[in-house]
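Beneath this line is the structure, given in structure tokens, with notes to follow.
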Amino acid sequence: MNAPRPPHVRKAWYVACWSHEVGRQPLARTLYGDPIVLFRSTSGDVGALLDRCPHRGIPLSRGEVAGDRLRCSYHGWEFDTAGTCRHIPSYLGSAEKSGRAANRFAVRERQGVVWVWATPDDEPTHEPFDFAYVDKPGYAVVREDVRANATIHAVAENALDVPHTAFLHGGLFRRPEVRNRIACEVRRWHDRVECEYIGEPRPTGLVARLISPSGGVVTHFDRFFLPSIVQVEYAIGTENHFVITAACTPCDDYDTRLYAVAALRTRFPSSIVKTVLKPFGLRIFGQDAEILAAQTATTHHFGEEVYASTDVDLLGPHILKLLLRAEHGDLGNPKEEPWTRRIEMDA
Amino acid sequence: MNAPRPPHVRKAWYVACWSHEVGRQPLARTLYGDPIVLFRSTSGDVGALLDRCPHRGIPLSRGEVAGDRLRCSYHGWEFDTAGTCRHIPSYLGSAEKSGRAANRFAVRERQGVVWVWATPDDEPTHEPFDFAYVDKPGYAVVREDVRANATIHAVAENALDVPHTAFLHGGLFRRPEVRNRIACEVRRWHDRVECEYIGEPRPTGLVARLISPSGGVVTHFDRFFLPSIVQVEYAIGTENHFVITAACTPCDDYDTRLYAVAALRTRFPSSIVKTVLKPFGLRIFGQDAEILAAQTATTHHFGEEVYASTDVDLLGPHILKLLLRAEHGDLGNPKEEPWTRRIEMDA
Amino acid sequence: MNAPRPPHVRKAWYVACWSHEVGRQPLARTLYGDPIVLFRSTSGDVGALLDRCPHRGIPLSRGEVAGDRLRCSYHGWEFDTAGTCRHIPSYLGSAEKSGRAANRFAVRERQGVVWVWATPDDEPTHEPFDFAYVDKPGYAVVREDVRANATIHAVAENALDVPHTAFLHGGLFRRPEVRNRIACEVRRWHDRVECEYIGEPRPTGLVARLISPSGGVVTHFDRFFLPSIVQVEYAIGTENHFVITAACTPCDDYDTRLYAVAALRTRFPSSIVKTVLKPFGLRIFGQDAEILAAQTATTHHFGEEVYASTDVDLLGPHILKLLLRAEHGDLGNPKEEPWTRRIEMDA
Numbered sequence: 059m060n061a062p063r064p065p066h067v068r069k070a071w072y073v074a075c076w077s078h079e080v081g082r083q084p085l086a087r088t089l090y091g092d093p094i095v096l097f098r099s100t101s102g103d104v105g106a107l108l109d110r111c112p113h114r115g116i117p118l119s120r121g122e123v124a125g126d127r128l129r130c131s132y133h134g135w136e137f138d139t140a141g142t143c144r145h146i147p148s149y150l151g152s153a154e155k156s157g158r159a160a161n162r163f164a165v166r167e168r169q170g171v172v173w174v175w176a177t178p179d180d181e182p183t184h185e186p187f188d189f190a191y192v193d194k195p196g197y198a199v200v201r202e203d204v205r206a207n208a209t210i211h212a213v214a215e216n217a218l219d220v221p222h223t224a225f226l227h228g229g230l231f232r233r234p235e236v237r238n239r240i241a242c243e244v245r246r247w248h249d250r251v252e253c254e255y256i257g258e259p260r261p262t263g264l265v266a267r268l269i270s271p272s273g274g275v276v277t278h279f280d281r282f283f284l285p286s287i288v289q290v291e292y293a294i295g296t297e298n299h300f301v302i303t304a305a306c307t308p309c310d311d312y313d314t315r316l317y318a319v320a321a322l323r324t325r326f327p328s329s330i331v332k333t334v335l336k337p338f339g340l341r342i343f344g345q346d347a348e349i350l351a352a353q354t355a356t357t358h359h360f361g362e363e364v365y366a367s368t369d370v371d372l373l374g375p376h377i378l379k380l381l382l383r384a385e386h387g388d389l390g391n392p393k394e395e396p397w398t399r400r401i402e403m404d405a
Numbered sequence: 059m060n061a062p063r064p065p066h067v068r069k070a071w072y073v074a075c076w077s078h079e080v081g082r083q084p085l086a087r088t089l090y091g092d093p094i095v096l097f098r099s100t101s102g103d104v105g106a107l108l109d110r111c112p113h114r115g116i117p118l119s120r121g122e123v124a125g126d127r128l129r130c131s132y133h134g135w136e137f138d139t140a141g142t143c144r145h146i147p148s149y150l151g152s153a154e155k156s157g158r159a160a161n162r163f164a165v166r167e168r169q170g171v172v173w174v175w176a177t178p179d180d181e182p183t184h185e186p187f188d189f190a191y192v193d194k195p196g197y198a199v200v201r202e203d204v205r206a207n208a209t210i211h212a213v214a215e216n217a218l219d220v221p222h223t224a225f226l227h228g229g230l231f232r233r234p235e236v237r238n239r240i241a242c243e244v245r246r247w248h249d250r251v252e253c254e255y256i257g258e259p260r261p262t263g264l265v266a267r268l269i270s271p272s273g274g275v276v277t278h279f280d281r282f283f284l285p286s287i288v289q290v291e292y293a294i295g296t297e298n299h300f301v302i303t304a305a306c307t308p309c310d311d312y313d314t315r316l317y318a319v320a321a322l323r324t325r326f327p328s329s330i331v332k333t334v335l336k337p338f339g340l341r342i343f344g345q346d347a348e349i350l351a352a353q354t355a356t357t358h359h360f361g362e363e364v365y366a367s368t369d370v371d372l373l374g375p376h377i378l379k380l381l382l383r384a385e386h387g388d389l390g391n392p393k394e395e396p397w398t399r400r401i402e403m404d405a
Numbered sequence: 059m060n061a062p063r064p065p066h067v068r069k070a071w072y073v074a075c076w077s078h079e080v081g082r083q084p085l086a087r088t089l090y091g092d093p094i095v096l097f098r099s100t101s102g103d104v105g106a107l108l109d110r111c112p113h114r115g116i117p118l119s120r121g122e123v124a125g126d127r128l129r130c131s132y133h134g135w136e137f138d139t140a141g142t143c144r145h146i147p148s149y150l151g152s153a154e155k156s157g158r159a160a161n162r163f164a165v166r167e168r169q170g171v172v173w174v175w176a177t178p179d180d181e182p183t184h185e186p187f188d189f190a191y192v193d194k195p196g197y198a199v200v201r202e203d204v205r206a207n208a209t210i211h212a213v214a215e216n217a218l219d220v221p222h223t224a225f226l227h228g229g230l231f232r233r234p235e236v237r238n239r240i241a242c243e244v245r246r247w248h249d250r251v252e253c254e255y256i257g258e259p260r261p262t263g264l265v266a267r268l269i270s271p272s273g274g275v276v277t278h279f280d281r282f283f284l285p286s287i288v289q290v291e292y293a294i295g296t297e298n299h300f301v302i303t304a305a306c307t308p309c310d311d312y313d314t315r316l317y318a319v320a321a322l323r324t325r326f327p328s329s330i331v332k333t334v335l336k337p338f339g340l341r342i343f344g345q346d347a348e349i350l351a352a353q354t355a356t357t358h359h360f361g362e363e364v365y366a367s368t369d370v371d372l373l374g375p376h377i378l379k380l381l382l383r384a385e386h387g388d389l390g391n392p393k394e395e396p397w398t399r400r401i402e403m404d405a
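Chains as they are written, first to last, in our numbering: chain A, 59 to 405; chain B, 59 to 405; chain C, 59 to 405.
See below:
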């Protein structure tokens, strides 16, 4: 069966790669399934072109960077970072005709990542998302990218979902047999949704005890920003503050890469925090990626997503609603008060 | 090309597994391509549910059996053998709403096999097929399941076809150069078809000589019962009686599992008969499975089945006719006399 | 995405195999994706049948040749080189009914190759292409077949394209930095197109220096003959004459086999020429096959071919035009003067 196409939000920025990955070798990526080639010119600018030579369709990423241009390996056509064809070997006429240009994607490079605008040959209407606390003194920063065979809405729901942690990650940071009644307040704006967890005690798992031995009330927000950002913010007592933000890139409809940037402030040296957090986070994510792939396999088999939700599916349905609206260009009213709902659950 | 969809007969029982295969670990199977999970509750009952959690689509077979319930591995939703959702962790409301139930399949466990009714959430209108002679004194019973990449009608025709044995299984039990003129009487009722072979001498191959060294006229019936049972009954003289019945399960349209149950009475100790019969049968079936897979590959390539039959294709066309009728709910008239035809052939 | 179907020219001969490949074992090939079985009868004739037994669809190439007939491995049906069913084991009636015949393809065997006519059960309207100079004294002949995952029009354009040689095969026989202004005259008839390169100096690469150390003006023609023949003719001075002809067989839409026959006359012993030419040609072709597979992958991804051509794409657009015409049965006017165009380029 064909799986349904998830919402596409094209008037938006997505992370194509980390800055250090684009050099003088062409870098091949995909966005919504389409191939993109990134390269850095001698002046340091990053170009992002559709990875198909307009001449005979050969991926430009098979070619090489020559000065400020990307050269196709088949006939040697050369393109600049704007996609313009600048040279055609053997040919005595002028190379620069519009029909010979490669489709180009707008690019922004900041905070160590390269963003591309998901509509080719288009001018961006806003700037990319800003990773919070990354540039702030006192915060250690950890970066990592991971991949899941699932849609952005499945990945984002999973990343911000509390109830599954006791089962799928049983013992790692929540345990099924220890439950606390907490309040959850969901607030949905036109372009984002968040949940605040109120009265949550310090988690009881192993890692929580290592990070915050003395206990203390937890401040905890889970957030989704259209069209692709998930963010978990935790404060334990006054000393510990974690803001983990991941930009989800739809490499394909059921293939999402998460570019995660964690900003951490604790009473421990940052090197220790990084050493502990990274393998722990990757282990958690490995379990999530496996279950998400199983969810995708079901969607492919049945050709549809049929989900029965309850109140404790706090954010998933809102995320999908926002994405479906955004796909159709309905960006809502920025001046409206947020939609708000408070429920209780056992976490 | 897309291969044509073979007839589906859904108001019917199919074998899902042997009894001993369903225990406290969930067991994943497929029926007409759909995933089914089987599990045994503490009381010994077998449950069969569609292998998709109604919550987020995760296969329930990834979960675990907890008491009388099957628990999903993602969020811990729990289902009983009737498919009812009995518990949702974290959630403070009542779990048991119909929209949260898993689709369930009626189950019968008897004679060492587990049957499921191929329409979910449906009440069976009759009971499963009874394996003949299995419970009768003096009969040794051999069970084995094998798999073929072919439709039920191709598998059933092959299992009951005489002419191919001299070629495909040349030398194993019939030889092309030794031919006997025999009479074949085909009788088709509303729900089954059989062929009686009249005047067939003892086969001349190796195994036949071992089983019946003294010779004797053979009584031989081949039978198909709607929608999935093939049966070969042989008697050689008065001492030897073999009834081999196989229930064909459409795991998918072109993937059929045969649950074969052989009831055997001979003058040899049953342990010797089993030891000889099983490897011989598996070798024969291996050749059949290979040719059936080639037949399926042709059907996929050309997107259709185009078959030229002759009189000596005794049962295949009748099997397909019965299946096509049954698919459309036309069960014929049980009171009518059977359709009968007698032909001669060289076997 | 589905790649577009390239033009099919069915009223035409294609090479199925080299003569020495058809013996007493059935040989399986494909043409436009359809399976064909070739076999040689005791009288030496070659039969070519659709590789599907009319009885139950089993590939006849799984069977064996018995005398003048091909026998199916499932039930032993036997077919002669005309496709007529001549024997059905077990069956007491007459085998030879038209509904039991296998589809057959007309065959010609000459110059060491076996040609089949691409429309089954059809009478050819003309004879196959004649390989030039192959039978002429003084010429060494080298034969080789290679395969590319690409359409005939992509393969033919590539084989006859000059500008890519400096890039894709950089250093092997042309170098990007050494350019000569030459004239190219393209002539298109109703059934073929050629380009003559005028004023081309001796190539400067390694192999060219070996073959023609004393230099001399080059005569060079590239030719395409409908629907599948590419030919490169080179003369260097008066002593060296190379005619390399390849018959392209559409095994499938994006899988083309080239049966190349090179006729060579030089001042060197033919054994030396063969020893040098073959590995060089195979190395060149390996680079071409890799770039053609990349071109095909792009076509599959985007579901279309979008090509921007310039004047120096001398033959490709004409080849596609001739194929599209021929597919629709428009064979043009053989009496018309050729369409002619002269351009200059740097080669």
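No residue lacks a Cβ here, since even glycine has one placed at the ideal position from N, Cα and C. All values reported here derive from a predicted model rather than from experimental measurement.
What residues from the stretch 102-131 of chain A come within 7 Å of chain C, judged by C-beta to C-beta, listed N to C?
110, 112, 113, 114, 115, 116, 117, 120 and 131
Under a Cβ-count criterion, where at least 16 other Cβ atoms within 10 Å of its own Cβ denotes burial, should residue 213 of chain C be classed as buried or exposed?
Locating residue 213 of chain C in the third sequence gives position 155, where the first residue counts as 1. By the 10 Å Cβ count, residue 213 of chain C comes out buried.
Rounded to whole angstroms, how far is the Cβ of residue 149 of chain A from the Cβ of residue 222 of chain C, which I believe are closer than 8 Å?
By one-based count along the first sequence, residue 149 of chain A stands at place 91. By one-based count along the third sequence, residue 222 of chain C stands at place 164. About 12 Å separates the two Cβ atoms, so there is no contact after all.
Near-chain B residues of the stretch 146-157 of chain C (beta-carbon distance less than 9 Å), N- to C-terminal order
So the list reads 146, 147, 148, 149, 150, 151, 153, 155 and 157, given in the order they occur along the chain.
Would DSSP call residue 326 of chain A helix, strand or coil?
Against the first sequence, residue 326 of chain A aligns to sequence position 268. DSSP places residue 326 of chain A outside both helix and strand once states are collapsed to three, so it counts as coil.
Interface partners of residue 445 of chain C on chain A, CB under 9 Å
Limits of chain C in this structure are 59 at one end and 405 at the other, which puts residue 445 of chain C out of reach.
Cβ closer than 7 Å: which chain B residues qualify as neighbours of residue 370 of chain A?
Stepping through the first sequence from its first residue, residue 370 of chain A is reached at position 312. Here the neighbours are 148 and 149.
Contact check, residue 66 of chain B vs residue 385 of chain B, beta carbons under 8 Å:
Locating residue 66 of chain B in the second sequence gives position 8, where the first residue counts as 1. Locating residue 385 of chain B in the second sequence gives position 327, where the first residue counts as 1. Contact: yes.
Test: residue 169 of chain C CB closer than 8 Å to a CB of chain A:
On the third sequence, residue 169 of chain C is found 111 positions in, with the first residue counted as 1. With 8 Å as the cut-off, residue 169 of chain C does not count as an interface residue toward chain A.
Confirm, please, whether the CB-CB distance from residue 274 of chain C to residue 294 of chain C is below 8 Å.
For the purposes of this step, residue 294 of chain C is taken as residue 236 along the third sequence, with counting starting at 1. For the purposes of this step, residue 274 of chain C is taken as residue 216 along the third sequence, with counting starting at 1. Yes; because the gap between Cβ atoms is below 8 Å, this pair is in contact.
Among B/74, B/182, B/245 and B/303, whose alpha-carbon lies nearest the alpha-carbon of residue 401 of chain B?
For the purposes of this step, residue 401 of chain B is taken as residue 343 along the second sequence, with counting starting at 1. For residue 401 of chain B, the closest C-alpha among the options B/74, B/182, B/245 and B/303 is that of B/245.
Proximity winner among A/312, A/381 and A/237, relative to residue 282 of chain A (alpha-carbon distances):
In the first sequence, residue 282 of chain A corresponds to position 224, counting from 1. Of the residues A/312, A/381 and A/237, the one whose Cα lies closest to the Cα of residue 282 of chain A is A/381.
Where does the unbroken alpha helix (DSSP H) through residue 93 of chain A begin, and where does it stop?
Taking the first residue of the first sequence as 1, we reach residue 93 of chain A at position 35. Counting along the chain, residue 93 of chain A falls outside any alpha helix (DSSP H), though it belongs to the beta strand (DSSP E) covering 92-98.
Where residue 226 of chain B meets chain C, residues with beta-carbon distance less than 7 Å:
Walking along the second sequence from the start, residue 226 of chain B turns up at place 168. Simply 131 and 132.
Using 8 Å as the limit for Cβ to Cβ distance, is residue 93 of chain C near chain B?
On the third sequence, position 35 is the one that residue 93 of chain C refers to. It does; some Cβ of chain B falls within 8 Å.
Using a beta-carbon distance below 8 Å, is residue 210 of chain C in contact with chain A?
Taking the third sequence and counting its residues from 1, one reaches residue 210 of chain C at position 152. No - not a single Cβ of chain A is within 8 Å of the one on residue 210 of chain C.
Identify the contact partners of residue 289 of chain B in chain C, using a Cβ-Cβ distance below 9 Å as the criterion.
Position 231 of the second sequence, counted from the start, is the residue given in the question as residue 289 of chain B. Simply none; closest approach about 22 Å.
Considering only residues of the stretch 306-392 of chain C, which uninterrupted alpha helix (DSSP H) runs meet the minimum length of 4 residues and lie entirely inside it, listed in chain order?
Secondary structure in the stretch 306-392 of chain C: the alpha helix (DSSP H) runs of 4 residues or longer, each lying completely within the stretch, are 328-360 and 374-385 in chain order.
Just to confirm my understanding: we take residue 375 of chain A, look at its own chain, exclude 5 residues before and 5 after, and list those with CB closer than 8 Å. What are they?
Taking the first residue of the first sequence as 1, we reach residue 375 of chain A at position 317. Excluding sequence neighbours, residue 375 of chain A sits near 367.
Does the beta carbon of residue 297 of chain C come closer than 8 Å to any beta carbon on chain A?
Here residue 297 of chain C is taken as the residue at index 239 of the third sequence, counted from 1. So, not an interface residue.
Give, in chain order, every unbroken run of the beta strand (DSSP E) that is at least 3 residues long and sits entirely within the stretch 184-222 of chain C.
As far as the stretch 184-222 of chain C is concerned, its whole beta strand (DSSP E) runs of at least 3 residues are 198-206.
Using the Cα positions of residue 302 of chain B and residue 192 of chain B, report the straight-line distance between them to the nearest angstrom.
By one-based count along the second sequence, residue 302 of chain B stands at place 244. By one-based count along the second sequence, residue 192 of chain B stands at place 134. Going by the C-alpha atoms only, they are around 10 Å apart.
Since residue 139 of chain B is in the beta strand (DSSP E), which residue starts that stretch and which ends it?
Reading the second sequence from its first residue, position 81 is the one you call residue 139 of chain B. Neither: residue 139 of chain B is in no beta strand (DSSP E) and is coded neither H nor E.
Determine which residues of the stretch 345-357 of chain B have a Cβ less than 7 Å from any Cβ of chain C, and write them out in chain order.
349, 352, 353, 356 and 357
Indicate whether residue 318 of chain B and residue 185 of chain B have their beta-carbon atoms separated by less than 8 Å.
Residue 318 of chain B sits at position 260 when you count from the first residue of the second sequence. Residue 185 of chain B sits at position 127 when you count from the first residue of the second sequence. By the CB criterion at 8 Å, residue 318 of chain B and residue 185 of chain B fall outside the cutoff.
Would residue 378 of chain C and residue 251 of chain C qualify as a contact pair, given that the criterion is a beta-carbon distance under 8 Å?
Sequence index remark: in the third sequence, residue 378 of chain C carries index 320 (1-based). Sequence index remark: in the third sequence, residue 251 of chain C carries index 193 (1-based). No, these two residues do not count as a Cβ contact at 8 Å.
Identify the contact partners of residue 221 of chain B in chain C, using a Cβ-Cβ distance below 7 Å as the criterion.
Here the question's residue 221 of chain B lines up with position 163 in the second sequence. Chain C residues near residue 221 of chain B: 133, 147 and 148.
Buried or exposed: where does residue 112 of chain B fall if 16 or more other Cβ atoms within 10 Å of its Cβ makes it buried?
Locating residue 112 of chain B in the second sequence gives position 54, counting from the first residue. Residue 112 of chain B comes out buried.
Using the three-state DSSP reduction, which class does residue 299 of chain A fall into: helix, strand or coil?
Residue 299 of chain A sits at position 241 when you count from the first residue of the first sequence. Three-state DSSP puts residue 299 of chain A in a strand.
Could you pull the DSSP bridge partners for residue 132 of chain A from this structure?
Stepping through the first sequence from its first residue, residue 132 of chain A is reached at position 74. Beta-bridge pairing by DSSP links residue 132 of chain A to no other residue.
Alpha carbon to alpha carbon, what distance is there between residue 61 of chain A and residue 327 of chain A?
Against the first sequence, residue 327 of chain A aligns to sequence position 269. Against the first sequence, residue 61 of chain A aligns to sequence position 3. Rounded to whole angstroms, residue 327 of chain A to residue 61 of chain A spans 47 Å at the Cα level.
Taking DSSP as the reference, what is the three-state secondary structure of residue 227 of chain B?
Here residue 227 of chain B corresponds to residue number 169 of the second sequence, with the count starting at 1. Reduced to three states, the DSSP call for residue 227 of chain B is coil.
Taking DSSP as the reference, what is the three-state secondary structure of residue 239 of chain C?
Position 181 of the third sequence holds residue 239 of chain C. Residue state, collapsed to three classes: strand.
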